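Step one of this worksheet: look at the structure below.
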Amino acid sequence: MSERICSRAGCRDDAAWQVVWRNPRIHGPERRKIWLACDAHVDYLKDYLAARDFPVEVVAFSEEVAS
């Protein structure tokens, strides 16, 4: 069973969100990465990626991310 730990550096809280993103300069639409986020860091991680013009989507951890 994999852990559901927030991806924010230094955070060990349980993740409640999936931050789904990709770098369009090097990957096509089929290649996406997922960072996990707790309630306190979901906006930070989303904004970090959006500021770099990466397509980003946030979904609840319980929802399945479409491939």
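First residue of the sequence shown? That's 0 in numbering that gives the first Met the number 0, and the numbers climb one at a time after it. Using N, Cα and C, we set each Cβ at its ideal position, and we do this for glycine too. What you are looking at is a predicted structure, and each value in this text was computed from that prediction instead of being measured.
Any idea what DSSP makes of residue 59, helix, strand or coil?
strand
Could you check the C-alpha separation between residue 31 and residue 21 for me, to the nearest Å?
5 Å
Sequence-distant residues of the same chain with beta carbon closer than 6 Å to residue 0, five excluded per side:
For residue 0, the predicted structure reports a pLDDT of 41, less than 50, and the residue's modelled location is therefore unreliable. The matter cannot be settled from this model.
Residue 35 versus residue 17: straight-line alpha-carbon distance, rounded
5 Å
Below 8 Å CB to CB, which residues in the same chain sit around residue 41 once its five sequence neighbours on both sides are set aside?
15, 16, 18 and 57
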